[in-house]
Amino acid sequence: MYYWNMNCGDCFYRQQEAMELNRRWRPWRVISGRVTSGLGVSSWAPNRLDLFARGSNRQLIHKWRENSRWSNWEDLGGVLTSSPSAVSWGRNRIDVVVRGTDNAMYHKWWNGSRWSDWESLGGVLTSAPSICSWASNRLDCFVRGTDNQLYHKWWDGSRWHDWEALGGNLTSGPGCVSWGPNRIDVFARGRNNTLIHKWWDGSRWSDWEDLGGNLSSAPCASSRGRNRIDVFARGRNNQLIYKNWNGSRWSNWQNLGGFLTSPPVSISPTPNRIEVYARGRNDIIINRNFSG
């Protein structure tokens with residue numbers, strides 16, 4: 001069964017395929033703990049997941065899942081003025097970035113045996129930062145600046161590069177993901193509350209493209225494999241909305257329900273799994289997973 005979608009650039013979508021994808025989403029559930037921000041999430045192994053948030057004293061807090069068992073929360077200090085963002089570029093490695101009290105970006109990392117101190121990476125942020133990695137010992141960070149442009153700062157394995165302006169008119173923080181070497185996809189909410197997208201192909205940055213939707217938060221993105229992207233945001237009714245790239249076309253937006261009080265975050269610990277986390281009512285953590 002097919003239907004015509006006037007907003008998808010002359011594409012046909014398979015309605016039955018969308019219905020089948022919806023059936024693979026498991027019901028919402030609650031993860032223990034209360035938070036004062038959105039979440040950050042990373043994974044350095046198929047059976048390992050690390051979750052970060054701002055605690056009641058504005059500090060960074062961390063909880064992890066090994067196999068199917070969650071740890072207690074640990075206090076990692078700092079004074080956060082944004083949600084955290086996290087990534088792993090290798091086994092037993094985690095990098096976390098946040099906005100500090102001076103609106104600069106701060107970085108903390110786990111090297112396999114201990115947590116580093118906080119380091120300031122400068123900048124003047126008007127949003128939470130987003131971090132991703134396309135190679136071992138490579139980090140790419142994105143933020144919204146005071147002029148609402150997208151700004152980029154990266155670690156090349158030996159040093160941090162200066163901030164570069166990438167244009168745009170963002171009305172939210174950015175979300176970024178990499179599905180392969182030298183590839184980065186960045187998403188944000190644009191002036192009309194639609195999803196906007198810009199990507200690095202290894203040699204240049206694309207122009208911005210508008211992917212529609214009606215967002216009430218910053219978007220997030222994750223990847224299940226090469227040339228695959230899953231994008232999530234909070235919709236106008238505080239529900240989770242979802243759009244994916246299958247390697248050749250963008251899907252239509254899907255409503256995945258729930259009641260979010262923060263932007264969502266997503267991760268794919270394995271190629272056939274997506275995990276989405278957000279803050280819900282009463283500062284609880286809510287989670288919905290996809291398998292298949």
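Position one of the sequence shown corresponds to residue 1 (the UniProt record's numbering), numbered consecutively onward.
Ideal placement from N, C-alpha and C gives every residue a C-beta, glycine not left out.
These numbers come from a predicted model, not from an experiment.
Problem set entry | Rounded Cβ spacing between residue 174 and residue 143 (contact assumed at less than 8 Å) | Position 174 of the sequence shown, counted from the start, is the residue given in the question as residue 174. Position 143 of the sequence shown, counted from the start, is the residue given in the question as residue 143. Contact annotation, residue 174 with residue 143: C-beta distance approximately 7 Å; criterion of less than 8 Å satisfied.
Exercise. Taking the beta strand (DSSP E) that residue 112 falls in, what are its first and last residues?
Worked result: The residue you call residue 112 lines up with position 112 of the sequence shown. Premise fails: residue 112 is in no beta strand (DSSP E) and is neither H nor E.
Exercise. Per DSSP, which one or two residues make a beta bridge with residue 138?
Worked result: As a first step, residue 138 is located in the sequence shown; it is residue number 138 there, counting from the start. DSSP, once it has assigned bridges, lists no residue as partnering residue 138.
For this session: Provide the residue span of the beta strand (DSSP E) that contains residue 195, from first to last.
Result: Your numbering for residue 195 matches position 195 in the sequence shown. Unbroken beta strand (DSSP E) run through residue 195: 195 to 200.
Exercise. Relative to the C-alpha of residue 206, which residue among 105, 183, 113 is closest?
Worked result: On the sequence shown, residue 206 is found 206 positions in, with the first residue counted as 1. Minimum Cα distance to residue 206 is reached at 183.
For this session: Assign residue 3 to one of three DSSP states: helix, strand, or coil.
Result: Locating residue 3 in the sequence shown gives position 3, where the first residue counts as 1. With a pLDDT of 30 at residue 3, under the threshold of 50, the modelled position of that residue is not reliable, and the figure given next carries that caveat. Strand at residue 3.
Exercise. Where does residue 274 fall in DSSP's three states?
Worked result: Here residue 274 is taken as the residue at index 274 of the sequence shown, counted from 1. In the structure shown, residue 274 sits in a strand (DSSP, three-state: E or B).
Exercise. Thinking C-alpha only, which one of 88, 134, 95, 255 is nearest residue 117?
Worked result: Residue numbering aside, residue 117 sits at position 117 when the sequence shown is read from its first letter. The residue with the shortest Cα to Cα distance from residue 117 is 95.
For this session: Given a cut-off of 8 Å, decide if residue 269 and residue 27 are closer than it, judged by their beta-carbon atoms.
Result: Sequence index remark: in the sequence shown, residue 27 carries index 27 (1-based). Sequence index remark: in the sequence shown, residue 269 carries index 269 (1-based). For residue 27 and residue 269, no; Cβs fall outside 8 Å.
Problem set entry | Pair within 8 Å by beta-carbon distance, residue 139 and residue 89 | Here residue 139 corresponds to residue number 139 of the sequence shown, with the count starting at 1. Here residue 89 corresponds to residue number 89 of the sequence shown, with the count starting at 1. Their beta carbons are under 8 Å apart, which means residue 139 touches residue 89 by this criterion.
For this session: Would you mind giving the Cβ-Cβ distance between residue 32 and residue 86, rounded to the nearest angstrom? I have them listed as a contact below 8 Å.
Result: Numbered from 1 along the sequence shown, position 32 holds the residue referred to as residue 32. Numbered from 1 along the sequence shown, position 86 holds the residue referred to as residue 86. Rounded to whole angstroms, the Cβ separation of residue 32 and residue 86 is 19 Å, and the two are not in contact under 8 Å.
Problem set entry | Length of the line joining the Cα atoms of residue 172 and residue 190 | Locating residue 172 in the sequence shown gives position 172, counting from the first residue. Locating residue 190 in the sequence shown gives position 190, counting from the first residue. For residue 172 and residue 190, the distance between alpha carbons rounds to 8 Å.
Problem set entry | residue 207, DSSP secondary structure in three states | Here residue 207 corresponds to residue number 207 of the sequence shown, with the count starting at 1. Residue 207 falls in the coil class under three-state DSSP.
For this session: Would you check if the distance between the CB atom of residue 37 and the CB atom of residue 53 is smaller than 8 Å?
Result: Numbered from its first residue, the sequence shown carries residue 37 at position 37. Numbered from its first residue, the sequence shown carries residue 53 at position 53. Contact: yes.
For this session: Put residue 238 into one of helix, strand or coil per three-state DSSP.
Result: Start at 1 with the first residue of the sequence shown, and residue 238 comes out as number 238. Here residue 238 sits in coil by DSSP.
Problem set entry | DSSP beta-bridge partners of residue 254 | The residue given as residue 254 occupies position 254 in the sequence shown. Paired residues: 242.
Exercise. Is residue 282 helix, strand or coil when you go by DSSP?
Worked result: The residue labelled residue 282 in the question sits at position 282 within the sequence shown. It is helical.
For this session: Give the single residue among 35, 152, 110 whose Cα lies nearest to the Cα of residue 44.
Result: To locate residue 44, count along the sequence shown from 1; it is residue 44. Of the listed residues, the one whose Cα sits closest to residue 44 is 110.
For this session: Measure the beta-carbon distance from residue 30 to residue 285 and round it to whole angstroms, keeping in mind my assumption that it falls under 8 Å.
Result: Numbered from 1 along the sequence shown, position 30 holds the residue referred to as residue 30. Numbered from 1 along the sequence shown, position 285 holds the residue referred to as residue 285. The Cβ separation is near 7 Å, so the contact holds.
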